[in-house]
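Residue numbers (my numbering), protein chains in the order written: chain A, 885 to 998; chain B, 954 to 1069. Working notes, beginning with the structure itself.
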């Protein structure tokens, strides 16, 4: 297992288009997290899954955002009708248990909305 | 609500020297975890060091150590014998021990430059 993988690494899209990102966590990790990081800032929590269940969503996650983790394996994050304010790095992380020992992060997907 | 503040947007250090990055946090909880993460340019964020609030002893990982002052709500990172590969953005993060989500709250980050 090579860690947490995210695809694509970069995405440029026109305003109003839909985009979908994928995250493959470490296989034995039951928890998966999505964070958003804007330039020069720390990551902000968006949502997390325990196995296939989405248990918490931040108010940052507007109704244009949806995340899934079918079968408790990989996860997708979809943004509908993208806006320029959605431009950011979207980070995925996974952990075993509740993350008391920290997470393993992926390299992120950088979204640019033009 | 808990907050994490890193007051140094940028720091620089000469190779082989020692540098300290500052972090303060605000919480009403007594049990929590604190972390330092390193984010190299265009690379993934990796965990540098972790501290449990109930432990008085400061955590150490090779050249990295922390100065944890619980009463002052301060959690600084000391990097000894700095190397060029230490150049990165460093984030301080907080997690409630009782958190079911495991959600981390991050500071704004400090960019560390290492000069040869």
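Glycine included, every Cβ here is placed at the ideal spot set by N, Cα and C.
| Asked | Found |
| --- | --- |
| Contact with chain A by residue 1000 of chain B, beta-carbon distance below 8 Å | yes |
| Residue 910 of chain A beta carbon near the ligand SAM (any heavy atom closer than 7 Å) | In the structure on display, the ligand SAM does not appear, and there are no ligands present to speak of. |
| Members of the stretch 922-934 of chain A that neighbour chain B once the beta carbon cut-off is set at 8 Å | 924, 925, 926, 927, 928, 929 and 932 |
| Among A:916, A:918, A:921 and A:926, the one whose alpha carbon lies nearest that of residue 989 of chain B | A:926 |
| Neighbour-count burial assignment, residue 1074 of chain B, 16 or more Cβ in a 10 Å radius | Since the first and last residues shown for chain B are 954 and 1069, residue 1074 of chain B lies out of range. |
| Below-8 Å beta-carbon distance, residue 1056 of chain B vs any chain A residue | yes |
| Assigned exposure category for residue 975 of chain A - 16 Cβ within 10 Å defines buried | buried |
| Any chain A beta carbon closer than 8 Å to residue 997 of chain B | yes |
| Burial state of residue 1004 of chain B (16 or more Cβ within 10 Å) | buried |
| Short-range partners of chain A found in the stretch 1019-1048 of chain B, where Cβ spacing is below 8 Å | 1044, 1046 and 1048 |
| Assigned secondary structure, residue 968 of chain A (DSSP; H/G/I helix, E/B strand, else coil) | helix |
| Neighbourhood of residue 1027 of chain B by C-beta, 6 Å cutoff - its chain only, sequence neighbours within 5 removed | 977 |
| Straight-line gap, residue 988 of chain A to residue 998 of chain B (C-alpha atoms, nearest Å) | 8 Å |
| Beta carbon proximity, residue 1009 of chain B to chain A, threshold 8 Å | no |
| Pick from A:946, A:972 and A:960 that is closest to residue 998 of chain A, judged by C-alpha positions | A:972 |
| 8 Å Cβ shell around residue 982 of chain A - same chain, five flanking residues per side excluded | 915 |
| Test: residue 940 of chain A CB closer than 8 Å to a CB of chain B | yes |
| Closer than 7 Å at the beta carbon, the chain A residues around residue 988 of chain B | 986 |
| Neighbourhood of residue 985 of chain B by C-beta, 7 Å cutoff - its chain only, sequence neighbours within 5 removed | 1006, 1047, 1048, 1049 and 1050 |
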